[in-house]
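Numbering (the working numbering), first residue to last: 694 to 979. Where is the CB? At the ideal position from N, CA and C, for every residue including glycine. Just so you know, these numbers come straight off a predicted model, no measurement behind them.
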């Protein structure tokens, strides 16, 4: 029986012990778990999984996590954890060369996204930092994270443009940047990520238009570019995206006709084009 399955257990006392062989610590969704993450957690030198999400932890995320050289999975989401203004704990985590998953979402980190984030483990596949009050620009060095599959920075305070290095993330499947203040064009480098399945860029300040190279994303399932300043015509190459399930392009400045090729998207379940300047007939299904 695992110790955390003992329903009558009220207290666990493990002080003044040496437990270097623990490789997994799972303390998720314990509604009364409060306090800080102790610096001494680095003494668990073989720790591969640290699961502390969904609690009431507070205080700074300790830089000593960087001493956990075997760490694979770090989940700290949905607490009240903070950091210094430079998010220095991210820099310390660059020492965790096997880190595969980093989940920080829904913590008030309130710091600048450091360039050092691009030096995180080359094995990193999942980076989740939704609703963390992260400020500044997306670092150019993020393009070094070549094995990244999910990159979630929804609902932060990011500014600037999407770095061109995003095109280096060739196996990226999910890009989530909605609810920021990102500006500029949606660069052509994004449309080179041919394995991507989800793009969420709504509620930013993107401008310009959608290039024809959008049609190269043959695996794309969900596209949400709503509530931006994107203008021009809808490219007919959108009809190449045969597996699309959802297109949300509302509240932009699109003009001219809805391309008839949209009628050939047999898997489409949701299409929102409201609050644009489109005209003409709604395409027939093909």
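Between residue i and residue j, what straight-line distance do the alpha-carbon atoms span, to the nearest angstrom?
i	j	result
residue 851	residue 807	12 Å
residue 887	residue 857	15 Å
residue 916	residue 966	12 Å
residue 802	residue 830	15 Å
residue 964	residue 941	6 Å
residue 728	residue 793	26 Å
residue 933	residue 952	12 Å
residue 694	residue 719	Because residue 694 carries a pLDDT of 37, less than 50, the predicted location of this residue cannot be relied on, and the following value inherits that uncertainty. So the alpha carbons of these two residues sit roughly 15 Å apart.
residue 674	residue 814	Because residue 674 is not part of the residues shown, which for the chain are 694 to 979, the question remains open.
residue 740	residue 786	14 Å
residue 971	residue 921	16 Å
residue 723	residue 760	25 Å
residue 737	residue 822	25 Å
residue 909	residue 889	10 Å
residue 812	residue 877	26 Å
residue 777	residue 753	7 Å
Return the bridge partner residues of residue i from the DSSP annotation.
i	result
residue 892	868 and 916
residue 939	915 and 963
residue 844	820 and 868
residue 744	719 and 768
residue 750	728
residue 950	972
residue 774	752
residue 796	768 and 821
I need the DSSP call for residue i, collapsed to helix, strand or coil.
i	result
residue 694	At residue 694 the pLDDT is 37, less than 50, meaning the model places this residue with poor confidence and gives no usable figure here.
residue 860	helix
residue 881	coil
residue 834	helix
residue 972	strand
residue 791	coil
residue 803	coil
residue 781	helix
residue 876	strand
residue 853	coil
residue 829	strand
residue 717	strand
residue 758	helix
residue 726	coil
residue 924	strand
Under the rule that 16 or more other beta-carbon atoms within 10 Å means buried, what is residue i, buried or exposed?
i	result
residue 848	buried
residue 804	buried
residue 768	buried
residue 770	buried
residue 755	buried
residue 863	exposed
residue 810	buried
residue 977	exposed
residue 984	Outside the shown range of the chain, which is 694 to 979, sits residue 984, and nothing can be said about it.
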